[in-house]
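Under UniProt numbering, the first residue of the sequence shown is numbered 1, with each subsequent residue one higher. Shown next, in structure tokens, is the structure this report addresses.
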Amino acid sequence: MATRAADDDCSSTASFEEVGPGVSSSLKKQIAVREGKDGAKEQTEEDVPDVLYYVYYRSPDGRVSHHRKADKPIDVTTNYLQIGEGSQDDKKPVLEIITRVTASYASPSSNRLPPPPPPPRFYRPPPPRTRRDTFIDCDYDSDSTDEREYPDPSGITVTKVETTEMIIHSKHLRNALSAVVNYYPGVDFLSDRVVLEAPYRILVHHMEELERYKYSQPRVHDTEYAELTTKHIDILLAFLRTTLGAQLDEEHARWSHSTPTATFENFWLLLKPGSIIYRKVEGHWSPFVVSRVTSGNNNHHGRRGAYSDAYLIDCWNMEFVNTRIERLMDSFFMHPFTGEQAIHSLPVVPARFFPGGEKAITEKQVALGKVYWELSKRPSYKEYDGPLVGRDGCPNGNLRGRVIVDCEGYDKFRDHDGNRGRMPMIRAGSPRRGLAPPPQPIPPKDQLPLFYPRCQCTACAQSVDKKGESGGPFAGFEDLDPNVDSPPSNDLFFHVLTDAIPAFVLSERRWAMVQVEHLTEVRPDREAFKYLVLDDDIKLTVKSLIGKFASEDGKVSPWPSDFVANKGVGRIFLLHGSPGVGKTCTAECIAELTRRPLLSLTSGDISTIMSASSVERNLSYFLQLGERYGALVLLDEADVYLEERRTKDLHRNGLVSIFLRALEYYKGVLFLTTNRVAAFDSAFTSRIHVALHYKKLTDADRMRVWTNNFERLERDSGGKCFVPLSTREFAYESEEMRDLKWNGREIRNGLQTAVALAETEALEDGVEKVTVTDKHLRAVVKMSRGFKDFLRSKRGWETEEEDDDEEEDAESEVSLYSE
């Protein structure tokens, strides 16, 4: 019968003190070979088999009372027990299997347990306990079994199997394992005595490699050494097949189903250290390299209760942190599931069983990793359409817009955004009974092997093995500067590069984590400037002035040094005029024309409490970003901070001084918009390079705005939306539309509302094409007229002209200020 194995540490290794088979002096005599009920022969001193089995029986008081050894697996439940004396010879078996059990003892004449033995005369404190010997609660090194207390071993009843361990005595076998085990943190085969706990996971994970090694041993091995190595490998593999063969065959058969399945008890077979697994992080599958797996009460974080029977998986991936790409460790629980489950449905999926096939997902991840490597070198201006990764304190949800991917800038500026330092990623799996997973301490970084594994025998140590001396599969993975270092040639590096990368979201002016696969190149709207409704002379002036600021390749780059040598060499544009005449739109169209990012700010971005310190800090932050990205910075409604200073208002005077200093030293292109230019402090006018005045829209201008909006609606919808001639005529010529005197922003908003009404109607009618009719526009006009009538009745508000501080009789629409 196979040895019963207790649940063990998935690391499969431990370093216990030597456990001797000593017995009481009264029993030190020649023991005859006797066969028990299980067929196992008790061993004498003269007989040392290839595999030697021991069973140690611990009494209720915690001491080893008896032990048993045999050349076959021992049935620990057998009532008859032959006490044997261990060999004192130096000769050791190839493998030694030690099982420790807890047993109760009954008197032959009664079922009552004997009283516990008296305490020892002198207390001997136990040796310090380490992480790997947490199962050992008694002194197995005792030199006596104290047979006087338990005179009749036939009364033993085994109540619990504690641990089963294997001791590898064969140096040939240890050297062979050194040659095939590449990455198994915590394992060392160089010591004279290697102890592994059942079910010997490291050995099971390398059974195929050991089988191949028998026929591919190094050429420096002589015939005798190679044959003995082969023999010892066969002994080990035969033991594993005898002990675990049925269990392994059943699990492998489950993997071969049309829909591969697995059981929780044997899921560790798929968690070989160094292999790639996928787990969901914020709803998205991400690749990780398995470092170490523990289970049961033996997990190294000491979890109990709902977590004591879970797998604790330590893993790592690669990520940009503080100017370098480094390995980041992570840890999470995988909780038990019942019966057989489809592997692809589990919270952890090995790469070989990932839906769609391992080859497809590997090629995809490697390609994404190469993109990540390039993006980490410098800021990159990108389009994004996809979900956000809600980690590191960043927002989640979905985003469609333009971003600037900037790994180094994220580490430098993220604290301004209220984001704290990088936090552990959300972990896969959740505890039973609805409990939220507790925060996991990040495991210490393990040591990656620098070279391929090789045999540690004397002959191999003295030989030169080119493969052994060359870098292993993980060579060059640590601490890489993308701008200086070359990436490893192994695609594994790119495979496990994280696909979540930090980016600055231009529309929200904050940082977020985006997924690399949803990033695309920016497609600037080259026709945007054409749709801008301005006088031709103004458009020509603007186009001439900003032409030299255009980015040739559309890539993000700081403003050139020859352009920003000293203070006062930036370019400040003042756009002033009534609301809705195209001031903000001008800055947006210029950004499209120059292929540069537009950082559009409001007074709320600068400060909501209007304190000098917050204004200075936030203004400096955004202007630094503008310089770093070579962006056009737009400060909308700038009059809030640029109003004329007053003698008695020291607080406002301080704000104006901060802005004056910031504009003086800004090294980029800045657009200021206002409809109250008369309120500006006179000190600002000398710092403005170009001032553009926007007149109110005429009926002809409104017709052009309507036409441009209709054309863009049909173009951007891909023909889904249609605007008939009747709708256009109503917008151009109807008296009720002309009486409203809509500005450009109102025209855009009104058309969007009409489109929404038309889409609802098309959905109700079950038609795909959306037709925007004059009926929809009339409904919007009616709502707008009612709103304006309400304002007139409540505020005495008559026309926009009464609230406009702009001078209609301005001598020139374009003012150029000399420096």
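We treat Cβ as the ideally placed atom computed from N, Cα and C, and that holds for glycine. For clarity, every value in this text was computed on a predicted model and none was experimentally measured.
Alpha carbon to alpha carbon, how far is residue i from residue j?
| i | j | result |
| --- | --- | --- |
| L757 | E764 | 11 Å |
| Q624 | A691 | 24 Å |
| K741 | L375 | 48 Å |
| A342 | T261 | 4 Å |
| L388 | D234 | 53 Å |
| E729 | R702 | 13 Å |
| T773 | S607 | 44 Å |
| Y140 | T243 | Residue placement at Y140 is flagged as unreliable, the pLDDT there being 42, under the threshold of 50; the coordinate-derived value follows with that caveat. Distance between the alpha carbons of Y140 and T243: 25 Å. |
| R628 | L575 | 24 Å |
| H252 | H206 | 15 Å |
| L190 | D330 | 28 Å |
| L635 | L642 | 11 Å |
| G356 | V669 | 49 Å |
| E227 | Q447 | 33 Å |
| M166 | R63 | 21 Å |
| A475 | P488 | 7 Å |
| F333 | V321 | 25 Å |
| G39 | V161 | Note that G39 scores a pLDDT of 49, beneath 50, so its modelled location is shaky; the value from the coordinates is reported in the next line. Cα-Cα distance, rounded: 20 Å. |
| S275 | C315 | 10 Å |
Assuming contact is defined by CB atoms lying nearer than 8 Å, are residue i and residue j in contact in what I supplied?
| i | j | result |
| --- | --- | --- |
| P453 | V101 | no |
| L506 | G401 | yes |
| P524 | D406 | no |
| Y384 | V403 | yes |
| residue 826 | E478 | The requested residue 826 does not occur in the structure, where the chain is confined to residues 1 to 819. |
| V76 | V55 | yes |
| N317 | V581 | no |
| E521 | D499 | no |
| A754 | V780 | yes |
| R646 | R652 | yes |
| T602 | H495 | no |
| V293 | W268 | yes |
Please check if any C-beta of chain D sits within less than 8 Å of the C-beta of residue i.
| i | result |
| --- | --- |
| T602 | Looking for chain D here will not work: only one protein chain is present. |
What did DSSP end up calling residue i once you bin it into helix, strand or coil?
| i | result |
| --- | --- |
| D601 | Inspection of the sequence shows that residue 601 is occupied by Leu rather than by Asp. The answer is strand: DSSP assigns L601 an E or B state. |
| V349 | strand |
| F320 | strand |
| Y410 | helix |
| T673 | strand |
| V290 | strand |
| R212 | helix |
| M610 | coil |
| H169 | coil |
| H693 | strand |
| E162 | strand |
| N483 | coil |
| Q752 | helix |
So is residue i buried or exposed if we call it buried at 16+ other beta carbons inside 10 Å?
| i | result |
| --- | --- |
| A461 | exposed |
| D536 | exposed |
| E588 | buried |
| L650 | exposed |
| S258 | exposed |
| residue 836 | Look at the range of the chain in this structure, 1 to 819, and you will see that residue 836 is not part of it. |
| Q752 | exposed |
| A246 | exposed |
| K543 | exposed |
| residue 831 | Any question about residue 831 goes unanswered here, given that the chain covers just 1 to 819. |
| D739 | exposed |
| M783 | exposed |
| I658 | buried |
| L540 | exposed |
| D716 | exposed |
Smallest Cα separation from residue i: which of the options?
| i | options | result |
| --- | --- | --- |
| I688 | R292, I572, L236 | I572 |
| R596 | S620, R526, L663, Y531 | R526 |
| L450 | G471, S734, P347 | G471 |
| E759 | E508, K720, T163, M737 | K720 |
| L599 | Y621, H172, L271, T338 | Y621 |
| T707 | L672, E761, Y531, S657 | Y531 |
| N175 | A612, R676, C457, L777 | C457 |
| F413 | H169, I97, G626 | G626 |
| L177 | I74, R704, V220, E211 | E211 |
| V484 | D309, K775, R324 | R324 |
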